[in-house]
Amino acid sequence: MVTVTEGKNARFYIDFAWEKDPHIRSFRLGLEEVFEGKYLETLYVPVQGQAFLLVGCGKEKETGLLEVKEILAAASARCREMKVKECSVDISVFTQLLGKDAVTQSVLGLELGGYSYSFSGEKREEAPCCFQLERVSGLEGLEELIEEAQELAGDILFARDLVNTPGNHLRPMDLDRAVTGFVEDVEIEAQTFVYGQLRAMKMEGLYGVGGSSEYPPCMLVLRYRGNPDSSEVYGLVGKGVTCDTGGYCLKPSGSMAGIKGDMAGAAAVAGALHAVAARKLKVNVTACLPMCENRISQSALLPGDVITGYGGKTIEVLNTDAEGRLILADAVSFCIRDEGITKLLDIATLTGAAWNALGYTIAGAMSDDDDFYRIFEKGLAHSAEKYLRFPFGREHVEMIKSSVADVKNVGSSCCGTITAGLFIREFCEGKPWIHLDIAGTAWCDTPTYAFEAKGATGAGVASVYFMLKEAAE
Numbered sequence: 000m001v002t003v004t005e006g007k008n009a010r011f012y013i014d015f016a017w018e019k020d021p022h023i024r025s026f027r028l029g030l031e032e033v034f035e036g037k038y039l040e041t042l043y044v045p046v047q048g049q050a051f052l053l054v055g056c057g058k059e060k061e062t063g064l065l066e067v068k069e070i071l072a073a074a075s076a077r078c079r080e081m082k083v084k085e086c087s088v089d090i091s092v093f094t095q096l097l098g099k100d101a102v103t104q105s106v107l108g109l110e111l112g113g114y115s116y117s118f119s120g121e122k123r124e125e126a127p128c129c130f131q132l133e134r135v136s137g138l139e140g141l142e143e144l145i146e147e148a149q150e151l152a153g154d155i156l157f158a159r160d161l162v163n164t165p166g167n168h169l170r171p172m173d174l175d176r177a178v179t180g181f182v183e184d185v186e187i188e189a190q191t192f193v194y195g196q197l198r199a200m201k202m203e204g205l206y207g208v209g210g211s212s213e214y215p216p217c218m219l220v221l222r223y224r225g226n227p228d229s230s231e232v233y234g235l236v237g238k239g240v241t242c243d244t245g246g247y248c249l250k251p252s253g254s255m256a257g258i259k260g261d262m263a264g265a266a267a268v269a270g271a272l273h274a275v276a277a278r279k280l281k282v283n284v285t286a287c288l289p290m291c292e293n294r295i296s297q298s299a300l301l302p303g304d305v306i307t308g309y310g311g312k313t314i315e316v317l318n319t320d321a322e323g324r325l326i327l328a329d330a331v332s333f334c335i336r337d338e339g340i341t342k343l344l345d346i347a348t349l350t351g352a353a354w355n356a357l358g359y360t361i362a363g364a365m366s367d368d369d370d371f372y373r374i375f376e377k378g379l380a381h382s383a384e385k386y387l388r389f390p391f392g393r394e395h396v397e398m399i400k401s402s403v404a405d406v407k408n409v410g411s412s413c414c415g416t417i418t419a420g421l422f423i424r425e426f427c428e429g430k431p432w433i434h435l436d437i438a439g440t441a442w443c444d445t446p447t448y449a450f451e452a453k454g455a456t457g458a459g460v461a462s463v464y465f466m467l468k469e470a471a472e
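Read in order, the letters of the sequence shown correspond to residues 0 to 472 in numbering that gives the first Met the number 0.
What follows is the structure, given as structure tokens:
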């Protein structure tokens with residue numbers, strides 16, 4: 000929990016030091032331990048009934064929003080380790096350097112740094128420490144910035160909890176109920192389409208994949224109308240595969256441990272949209288979350304099968320482990336044809352190729368509309384997340400053309416991230432489109448940053464939220 004205070008009221012407070020900062024070094028005269036301000040270095044210092052936690056910031060010229068988030072997360076984690084209940088934090092050193100965005104990232108760091116997941120079947124406990132941010136001189140709207148960041152932190156943690164949940168406790172309808180319950184406190188309309196309805200609607204992509212499991216597929220539609228006077232409606236589509244064995248194109252054993260997290264795109268959309276509604280942004284959004292399991296059974300899709308998507312295009316299924324794009328295609332078509340969206344963003348843990356190319360800290364992005372992508376980039380400047388936009392050309396579109404159907408669900412042996420994105424684009428019917436592939440960034444076995452914990456990262460929540468905030472403004 001983060002609150003605003005007029006001064007250092009707590010007996011425990013956090014101080015920051017740049018590497019080789021002479022002021023900080025003189026402040027520490029008399030200490031037996033040498034503190035050099037190295038990045039994320041911490042030192043506990045008891046002083047006459049008070050206590051300081053000194054946190055190193057590294058070199059000032061290398062400090063950006065991501066570093067601020069990580070520095071505060073390191074402080075939060077150390078406070079948790081020391082079982083500190085309350086402390087004061089002065090972040091003016093960061094706001095002077097980076098402006099009001101430093102407030103957002105400071106709060107996110109403090110809130111996320113103490114996170115850990117352990118399945119108990121009960122609600123996750125709140126962070127054990129109350130952080131009191133000192134009022135920053137000359138910075139307007141501090142309370143509002145803190146409230147926004149705390150809301151966003153809660154939504155990121157919700158996404159993390161969902162992705163971390165064991166698969167046998169999060170079947171497709173469980174995921175639907177979890178998200179529906181989560182958005183009950185804000186002005187979001189929720190509608191669920193169950194298996195029989197999907198068949199009646201001829202969503203062969205979604206029920207074709209989901210029909211392989213005894214736990215039936217569904218699709219959750221979330222509608223938020225923050226600007227009813229506008230005809231602009233942003234569409235968000237998030238992949239919600241709660242168990243992905245790969246189907247008959249079975250995944251190798253080394254990849255099986257992470258198959259429960261293939262719904263991180265849906266979790267990110269749910270978190271971002273909740274934040275939008277909680278902050279009452281003046282923007283209209285419809286989110287479509289196709290949810291299913293991908294298993295092996297008598298009803299599972301086989302390589303070589305041809306299905307028809309909701310938009311009417313025929314699809315040759317050459318790889319049953321490329322199932323995410325099949326269910327996304329149906330959801331995209333529904334967004335456009337039934338919900339009247341004007342711009343569309345999809346987000347998914349879609350391809351191993353994205354992870355191979357970019358690793359665990361940078362996600363892939365694609366877009367066919369520069370103006371729309373500029374809105375995303377403006378939002379990205381506030382999120383402290385990293386995306387790389389992939390280029391594409393006619394030659395890549397040719398890779399997914401089928402000789403027996405309109406399109407096939409895999410391309411050649413190269414450009415896997417690009418052809419996966421272009422497959423989804425085939426169903427966008429010319430609407431401005433952004434595709435985010437978070438296959439590498441949604442999960443970490445070994446955390447890279449101090450604000451991460453083993454497991455889900457909550458990737459995409461902040462970036463999608465800030466994009467929609469830019470659109471609203």
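Cβ atoms here follow ideal geometry from the backbone N, Cα and C, with glycine treated the same way.
Contiguous beta strand (DSSP E) assignments of at least 3 residues, all confined to the region 270-323: Runs of the beta strand (DSSP E) inside the region 270-323: 283-293, 304-307 and 313-316.
Same chain only: Cβ atoms within 7 Å of residue 26, ignoring 5 sequence neighbours per side: With a pLDDT of 47 at residue 26, under the threshold of 50, the modelled position of that residue is not reliable, and no figure is offered here.
Buried/exposed call for residue 95, threshold 16 Cβ in 10 Å: Residue burial annotation: residue 95 is exposed, with fewer than 16 other C-beta atoms found within 10 angstroms of its C-beta.
Residues bridged to residue 45 [DSSP beta-bridge criterion]: Bridge partners of residue 45: 50.
Test item: CB-CB of residue 39 and residue 70 under 8 Å: Yes, they are a contact pair.
Limits of the unbroken alpha helix (DSSP H) element including residue 68: 64-80 is the extent of the alpha helix (DSSP H) around residue 68.
Residue environment, residue 211, which counts as buried when at least 16 other CB atoms sit within 10 Å: Counting Cβ neighbours within 10 Å, residue 211 comes out buried, since at least 16 surround it.
Cβ pair residue 173, residue 191 closer than 8 Å: Not closer than 8 Å, so no.
Local conformation of residue 195 per DSSP, three classes: In the three-state DSSP reduction, residue 195 falls in the helix class (H, G or I).
Beta-bridge pairing of residue 346 - partner residues as DSSP gives them: According to DSSP, residue 346 bridges with 237 and 435.
Cut-off 8 Å between Cβ atoms - residues of its own chain near residue 19, not counting five sequence neighbours on either side: Here residue 19 has 35 and 36 as same chain residues with Cβ atoms under 8 Å from its own Cβ, once five neighbours each way along the sequence are excluded.
Closest Cα partner of residue 296 within the set 104, 245, 109 and 377: Residue 296 has its Cα closest to that of 245, out of 104, 245, 109 and 377.
Outcome for residue 28 when other beta-carbon atoms lying within 10 angstroms are tallied against a minimum of 16: Note that residue 28 scores a pLDDT of 40, beneath 50, so its modelled location is shaky and nothing firm can be said.
Residue of 300, 327 and 178 minimising C-alpha distance to residue 247: When only C-alpha atoms are compared, the closest one is 300.
Residues bridged to residue 221 (per DSSP): In DSSP, residue 221 forms a bridge with 189 and 286.
Minimum length 3: unbroken beta strand (DSSP E) runs contained in the region 395-457: Contiguous beta strand (DSSP E) elements confined to the region 395-457 occur at 432-436, taking only those with 3 or more residues.
Cβ-Cβ distance between residue 283 and residue 338 below 8 Å: Annotated as distal: residue 283 and residue 338, with beta-carbon spacing of 8 Å or more.
Length of the line joining the Cα atoms of residue 270 and residue 158: Distance between the alpha carbons of residue 270 and residue 158: 6 Å.
Validate contact between the region 449-468 and the region 106-118 using beta carbons, cut 8 Å, 3 pairs: Segment contact: the region 449-468 against the region 106-118, three or more CB-CB distances shorter than 8 Å; contact assigned.
Straight-line gap, residue 197 to residue 398 (C-alpha atoms, nearest Å): If you draw a straight line from the Cα of residue 197 to the Cα of residue 398, it comes to about 29 Å.
Length of the line joining the Cα atoms of residue 364 and residue 209: Approximately 26 Å, taken between the alpha carbons.
Between the CA atoms of residue 118 and residue 166 - distance to the nearest angstrom: Here the alpha carbons of residue 118 and residue 166 stand approximately 11 Å from one another.
Coil, strand or helix - residue 334 by DSSP: Correct three-state label for residue 334: helix.
Distance, residue 11 Cα to residue 234 Cα: Going by C-alpha positions, residue 234 is about 46 Å away from residue 11.
Close beta carbons around residue 24, own chain, < 7 Å, minus the five adjacent residues each side: Confidence is the limiting factor: at residue 24 the pLDDT is only 48, short of 50, which leaves the residue's position unreliable and the question unanswerable from this model.
Residue 145, DSSP secondary structure in three states: Three-state DSSP puts residue 145 in a helix.
Cβ-based burial, residue 444 [other Cβ within 10 Å; buried from 16]: Flag for residue 444 reads exposed.
Cα-Cα separation between residue 238 and residue 15, rounded to whole angstroms: Rounded to whole angstroms, the separation of the alpha carbons of residue 15 and residue 238 is 40 Å.
Any 3 or more C-beta pairs closer than 8 Å across the region 315-325 and the region 404-416: Contact between the region 315-325 and the region 404-416 is present, because at least three Cβ pairs lie under 8 Å.
Host alpha helix (DSSP H) of residue 172 (start-end): It spans 171-181 - the alpha helix (DSSP H) in which residue 172 sits, taken as one unbroken run.
Cα-Cα separation, residue 405 to residue 138: As the crow flies, the alpha-carbon of residue 405 is around 56 Å from that of residue 138.
Simplified DSSP state of residue 115, which is helix, strand or coil: Correct three-state label for residue 115: coil.
Given 8 Å, three or more beta-carbon pairs between the region 75-86 and the region 424-434: No contact exists between the region 75-86 and the region 424-434.
Beta-ladder partner(s) of residue 248, from DSSP: Bridge partners of residue 248: none, in fact.
Per DSSP, the bridge partner or partners of residue 243: Assignment of beta-bridge partners to residue 243 by DSSP yields 293.
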